[in-house]
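To start, the structure itself, in C-alpha cells.
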Amino acid sequence: MRHETWETSTAAACAAAEKGAQAIRHAIHLRGEANIVLATGMSQIEMLGFLTAEKDIQWNKVTAFHLDEYVGIPRTHRASFCKYLEEHFVNRVSNLRAFHYIDGVCNNPVEECRRLSELIASHPIDVCFVGIGENSHLAFNDPPADFETAVPYIVVDLDDDCKRQQINEGWFPTLEAVPPQAISMSVRQILASQTIVATVPDQRKAPAVKAVIQGPVTNRVPASILKEHADCTIFLDAESASLLI
Numbered sequence: 022m023r024h025e026t027w028e029t030s031t032a033a034a035c036a037a038a039e040k041g042a043q044a045i046r047h048a049i050h051l052r053g054e055a056n057i058v059l060a061t062g063m064s065q066i067e068m069l070g071f072l073t074a075e076k077d078i079q080w081n082k083v084t085a086f087h088l089d090e091y092v093g094i095p096r097t098h099r100a101s102f103c104k105y106l107e108e109h110f111v112n113r114v115s116n117l118r119a120f121h122y123i124d125g126v127c128n129n130p131v132e133e134c135r136r137l138s139e140l141i142a143s144h145p146i147d148v149c150f151v152g153i154g155e156n157s158h159l160a161f162n163d164p165p166a167d168f169e170t171a172v173p174y175i176v177v178d179l180d181d182d183c184k185r186q187q188i189n190e191g192w193f194p195t196l197e198a199v200p201p202q203a204i205s206m207s208v209r210q211i212l213a214s215q216t217i218v219a220t221v222p223d224q225r226k227a228p229a230v231k232a233v234i235q236g237p238v239t240n241r242v243p244a245s246i247l248k249e250h251a252d253c254t255i256f257l258d259a260e261s262a263s264l265l266i
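Per this note's numbering: the sequence shown = residues 22 to 266.
Laid out in C-alpha cells, this is it:
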C-alpha cells in the first residue's frame, strides 16, 4: 500500500480517477475486458466525475459491481446507493457492458449475497474503487471487521459511528432512520482485486487515515488491512492527511 497527498480534494480525486482509468485500460488491453467495483458516499463524487470523463475507455467492455447497499432502502430513497451510482456513474458512461446492483429490498438478504457471490466469482476484479469511513470501515465492514471470511458478499450490522457519519453527510435525519444492516462486499473479496484505488478526502477522515497508515493492521481498524495489498494507493487531500507525522 502507498499513499499520495494532494493539496485539494479535487486534485486527489483527479489523480485517483487517472490511476483507476489506467488500470481499466490495461485490463482491456490484456484480456479484452475489465471488471470493476465502485463505492459511494461524499468522498467518491469528484472521483467518479473525473472517471466518467476519462477518454478512450471502452465502457462496452467493462462490467461493474456494487460495493455495498443498505438493507431495506428502496432505489427512490435519497440514500440509496443504487440511485447514487445511477446518477454519478451509470448514466454518465456509454454502452456499459453490465452493472450488477445489490438489491437492498430483496426478500432474503442472505440469498441476495449468494446471488452476487456467484456472479463475482466468474468476474475477477481488476480495479476496486473504495473509500474509508470515519470509523475506518472498508465498504460497510465496521469494526471489528471479519478479516477471515472468503464469502464475497455478506450481511453486516452497522455500528453507531457508521450511522452517525451517514447523518452528518445528510443522507438520514436521525440515528433511528439509518437501517441497522447492509449487504457489503467482504474484506477478503476487496483484497482479491488486482488494483485498489482509495479516495479519502476531508478533515473528518484524518483520524481514520492516521490509524490506517501509521497504526497496526487490526480488525478494529478495518481499512488497515489495505497495507497487505500489493497494489493499493490511498489518495488524500491536505485535510485528510493533516494528522500524519
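C-beta: ideal position from N, C-alpha, C; glycine also.
Leaving aside the five residues before and after residue i along the sequence, list all residues of the same chain whose C-beta is less than 7 Å from its C-beta, in chain order.
i	result
Cys-35	Phe-71
Roughly how many whole angstroms lie between the Cα atoms of residue i and residue j?
i	j	result
Gly-154	Asp-180	12 Å
Asp-163	Pro-243	7 Å
Ile-78	Ala-42	7 Å
Thr-61	Phe-102	6 Å
Ile-255	Arg-23	6 Å
Glu-75	Ala-262	26 Å
Glu-139	Glu-132	11 Å
Phe-193	Ala-32	29 Å
Leu-212	Val-114	26 Å
So, for residue i: in the same chain, excluding its five sequence neighbours on each side, which residues have a beta-carbon less than 6 Å away from its beta-carbon?
i	result
Gly-125	Glu-90, Tyr-91, Val-92, Ile-94
His-87	Tyr-122, Ile-123
Ser-160	With the sequence shown as reference, residue 160 is identified as Ala, and Ser is not the correct amino acid for it. Here the set comprises Leu-88, Asp-89, Ser-205, Met-206.
Skipping 5 residues on each side, what residues in its chain have a beta carbon closer than 8 Å to that of residue i?
i	result
Ile-57	Gly-41, Ile-45, Val-83, Thr-84, Ala-85, Phe-86, Ile-146, Asp-147, Val-148, Cys-149, Phe-150
Gln-65	Leu-59, His-109, Phe-150, Gly-152, Thr-220
Between the beta-carbon of residue i and the beta-carbon of residue j, is there less than 8 Å?
i	j	result
Gly-152	Ala-219	yes
Val-238	Ser-157	no
Val-177	Ala-198	no
Leu-257	Glu-25	yes
Gln-215	Ile-266	no
Trp-80	Leu-117	yes
Identify the residues that DSSP records as bridge partners of residue i: which are they?
i	result
Asp-89	Ser-205
Ile-255	His-24, Ala-219
Asp-178	Gln-202
Cys-149	Val-58, Ile-217
Leu-159	Asn-162
The ligand MN and residue i: does any heavy atom of the ligand fall closer than 7 Å to the residue's C-beta?
i	result
Ala-213	This structure lacks the ligand MN, and indeed carries no ligand of any kind.
Can you find at least 3 beta carbon pairs, one from the stretch 212-224 and one from the stretch 174-189, that sit closer than 8 Å? By the Cβ test, the stretch 212-224 is not in contact with the stretch 174-189, since fewer than three Cβ pairs between them sit closer than 8 Å.
Between the stretch 247-257 and the stretch 166-179, do at least 3 Cβ pairs fall closer than 8 Å? For the pair of segments examined, the stretch 247-257 was found not to touch the stretch 166-179: the number of CB pairs separated by less than 8 Å stays below three.
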